[in-house]
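Here it is, written out as structure tokens:
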């Protein structure tokens, strides 16, 4: 109960800041006489979002499903790889340089290839989303798993614990804060990667709406799509924060 | 109290723990350092042995070898109950409490206490029930569901001790368990530890750098030399038990202390001279 209350309390300043920003934008743009085609007023954007709510709603649904699916697959792969590397150092020695090289290139650079392999549908976006997540989760979790001090590991050994016992009773709980960081960054990266991938080739999704509206010089729809995407990401982030509190309950 | 098996093991001629010519060297060739050399030590079942020596004399290295965390060099051997222990065989056979309390912040006090039992594979309910019975004795009643960061230093140390006690092994190794506590709390904890020991009668090897503590607690005080550490002398403490806090002011206590102080200071001077 207390944590739900503090979650609402934590969200309040965010909404207040957003409201102030929108008000300043609305009246500032009018006062400075900025043409609407350069910077439309928030009221217009909201109105467009409402009139096109069918199109935008469908697009947001597709984008969120792709982003979440990519996130889940990427996070699972990252966790699996981190555990594998922790238990078998030779695996880390071989795979880590490869991972670092692939990670050095923005995941979005792989979009044309992934579109070629997985087509224009959702599969390609999910693949790109997963690619964007896997390394952040892997690197963060692995760093976390290695964090326990030698003394704590020796204590577990003195109780007769083997590598698996040490992994599950010591390393994993100790790594939770770092895993949570990886998941947060990963979710944001997955959403970004999916939207960019949609702009480069898709049947639906927020990115595709932005791409088509840009082609038609319909900047109000572009703005409306960006607004909707922001709301969607905010909702995802809220869910993740709630999950984080479950994973790192002792703080 | 009069468990026939325990009585039999106490009257047995075999020492509980025996170290025979134990060495530990680190590194190779010119850069080799000797941490522990030629240690011979024998502890009888149920005995409370305290170990003192200048800092850096290899006390903790010695402990790691007894706990099975570090293999001794091939020259010598560690025997438990008369049997030579090969590399790693001691793991899980000795209850070991390191200097830091090492409580896990994500576990409640109760679940920290049951850690060793869980590792052994005991079902959670059973482990918890066993631990809960010890809470009053360890002065932690009512704190079962607290997290470690909510406890004082003395309480955290008691939780760590309870975790060690619940891992029911006949030999307990305590590495300066009260080193970080203030003098008052420390004195209380020492008396309390003697009570617990008198009740449970486990064999205890206790590292300290405090001579008063070593004499107050021990049946036998083992003094180590400066690095590379070896046993310099052993002093049997015949002060009557149970011991009260004011025993430290008796002439008998003072005369033992004077004798040990001279030996320890001589060794400390050597470390000092070597360092400067």
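Protein chains in written order, with the numbering used here: chain A, 806 to 1056; chain B, 95 to 370. We put the beta carbon where it would ideally sit given N, CA and C, even for glycine. On a predicted model such as this, the values are computed, not experimentally measured, just so you know.
Of all Cβ atoms in chain D, is any one closer than 9 Å to the Cβ of residue 818(A)? Among the protein chains in the structure shown, which are A and B, there is no chain D.
Bounding residues of the alpha helix (DSSP H) (the contiguous stretch that carries residue 1038(A)): 1024-1052
What's the gap between the Cα of residue 96(B) and the Cα of residue 978(A)? With a pLDDT of 45 at residue 96(B), under the threshold of 50, the modelled position of this residue cannot be trusted, and the question is left open.
Using a 10 Å radius around the Cβ and a threshold of 16 neighbouring Cβ atoms, would you call residue 922(A) buried or exposed? exposed
Between 358(B), 191(B), 185(B), which has its C-alpha nearest residue 259(B)'s C-alpha? 191(B)
Within 10 angstroms of its Cβ, does residue 363(B) collect 16 or more other Cβ (buried), or is it exposed? exposed
Would residue 110(B) be called buried (16 or more neighbouring beta carbons within 10 Å of its own) or exposed? buried
DSSP three-state call for residue 188(B): helix, strand or coil? coil
Measure the C-alpha to C-alpha separation of residue 891(A) and residue 195(B) and round it to an integer number of angstroms. 25 Å
Using a Cβ-Cβ distance under 9 Å, would residue 149(B) count as near chain A? no
Check whether the segment 314-323 of chain B touches the segment 149-156 of chain B, taking contact to mean three or more Cβ pairs, one atom from each stretch, closer than 8 Å. yes
Distance cutoff 9 Å, beta carbons only. Does residue 194(B) sit that close to anything in chain A? yes
Among the residues of its own chain, which have a CB less than 6 Å from the CB of residue 334(B), if the five just before and after it don't count? none
Counting only the same chain and skipping the five closest in sequence on each side, list residues whose C-beta sits under 6 Å from that of residue 986(A). 945
Hey, which unbroken runs of the alpha helix (DSSP H) at 4 residues or more fall wholly within the segment 837-879 of chain A? 847-856
When the Cβ atoms of the segment 1040-1056 of chain A are set against those of the segment 115-122 of chain B, are three or more pairs found closer than 8 Å? no
What are the start and end residues of the alpha helix (DSSP H) that includes residue 929(A)? 927-950
Could you tell me which of 138(B), 233(B), 358(B) sits nearest to residue 325(B), measuring between CA atoms? 358(B)
Evaluate residue 179(B) with the Cβ neighbour count: other Cβ atoms within 10 Å of its Cβ, from every protein chain shown; 16 or more gives buried, anything less gives exposed. buried
Close beta carbons around residue 186(B), own chain, < 7 Å, minus the five adjacent residues each side: none
Say whether the segment 213-231 of chain B touches the segment 253-270 of chain B, bearing in mind that this needs 3 or more beta-carbon pairs closer than 8 Å, one atom from each stretch. yes
Report yes or no: do the segment 1027-1041 of chain A and the segment 903-911 of chain A share at least 3 C-beta pairs separated by less than 8 Å? no
Roughly how many angstroms lie between the CA atoms of residue 868(A) and residue 935(A), to the nearest whole one? 13 Å
Which stretch, first to last residue, makes up the alpha helix (DSSP H) that contains residue 906(A)? 894-909
For residue 1008(A), which residues in the same chain have their Cβ closer than 7 Å to its Cβ, ignoring the five residues on either side in sequence? 925, 926
7 Å Cβ cut-off: residues of chain B touching residue 973(A): None at all; the shortest Cβ gap to chain B is about 10 Å.
How close, in whole Å, do the beta carbons of residue 1010(A) and residue 871(A) come, if the pair is a contact with beta carbons under 8 Å? 7 Å
Please classify residue 861(A) as buried or exposed, where buried requires at least 16 other C-beta atoms within 10 Å of its C-beta. buried
Who are the near neighbours of residue 1030(A) in its chain, counting only those whose CB is closer than 8 Å to its CB and skipping five residues on each side? 861, 864, 1011, 1014, 1015, 1018
Need the endpoints of the beta strand (DSSP E) that residue 117(B) sits in, please. 111-120
Collapsed DSSP secondary structure at residue 362(B) in the structure displayed: helix
Residue 277(B), enclosing beta strand (DSSP E) - first and last residue: From DSSP, residue 277(B) is part of no beta strand (DSSP E) but of the alpha helix (DSSP H) over 277-294.
Out of 816(A), 837(A), 828(A), 989(A), point me to the one whose CA is closest to residue 938(A)'s CA. 989(A)
Going by DSSP, what residue range makes up the alpha helix (DSSP H) through residue 913(A)? Run containing residue 913(A): none; DSSP gives neither H nor E here.
Out of 330(B), 349(B), 174(B), which one is the CA nearest neighbour of residue 108(B)? 174(B)
Alpha helix (DSSP H) containing residue 259(B): first to last residue? 247-260
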